[in-house]
Amino acid sequence: MTGAELRRAAAAARELLVSVGDGSARVPAMDDDVAGVTAHVTGCLIWYAQDLAAGPEGADGFTLGRRPEAGLPELVRQQGAAAEVLARTVEGAAPTDRGRHDWGRPDASGFAAMGGAELLLHTGDVAGALGLPWRPPDDVADAVLVRLFPWAPRDADPVAALLWATGRGELPGHEPVTSWRWHCSPLEEWDGRRPV
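Going by our numbering, the letters in the sequence shown line up with residues 21 to 216, in that order.
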């Protein structure tokens, strides 16, 4: 996955989030409100950029947090800025650069895909909680799916397959996913099995 695809995920998320009038509306799937979910995604994007830049040892000496008085419009702007920082970090990385994540040693495309997954999945959580129509771009969902979930069916709708792979939806002909992990290390290191 690329920085350009990450930017498209961020733009799709922003389009939905700016239509939400109430940042305190609950998002049960995340046990938080819209503002909290937006802050969560923003934090992930920032950490992914730092962990890629820091290398395989990661960067854990600093904590990030949202200001309690920050409103949803400010958080949405911050999320867009964090996505841009990650996209630029991804684009500036060498092909051999690796970072750290609890589930592997991602390269730049792995971090871009994880950022894209955070944006698409949690924006979908918000849309679902509020009953808002929203669908991420198929090609961006497919890029996330191919990079992080190479075991997912390739003949299915990419958005439905991404939701299935993360336990958020059903996929005809496939058992429900009740526990999941993604493969964020380079694809050539995938052993052909779904991680658990």
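In this text, a Cβ means the ideal position worked out from N, Cα and C, and glycines have one as well. Remember, it's a predicted structure, so these values are computed and weren't measured experimentally.
Relative to the Cα of Trp171, the nearest Cα in the group Asp117, Glu138 and Gly212 belongs to Gly212. In the DSSP annotation of this structure, the continuous segment of the alpha helix (DSSP H) that includes Val179 starts and ends at Pro178 to Ala185. The beta carbon of Pro157 is closer than 7 Å to those of Arg28 and Ala32 in its chain, skipping five residues each way along the sequence.
Arg214 is bridged by DSSP to nothing; it lacks a bridge partner. In the DSSP assignment, Gly124 forms a beta bridge with His121.
For Glu104, the enclosing alpha helix (DSSP H) begins and ends at Leu92 to Gly112. Taken through DSSP and simplified to helix, strand or coil, Val197 comes out as coil. With a cutoff of 8 Å on beta-carbon distance, Glu138 and Cys64 are scored as near each other. Going by beta carbons, Arg120 and Glu77 fall inside the 8 Å limit.
Taking C-beta atoms as the reference points, Ala149 and Val47 count as a pair closer than 8 Å.
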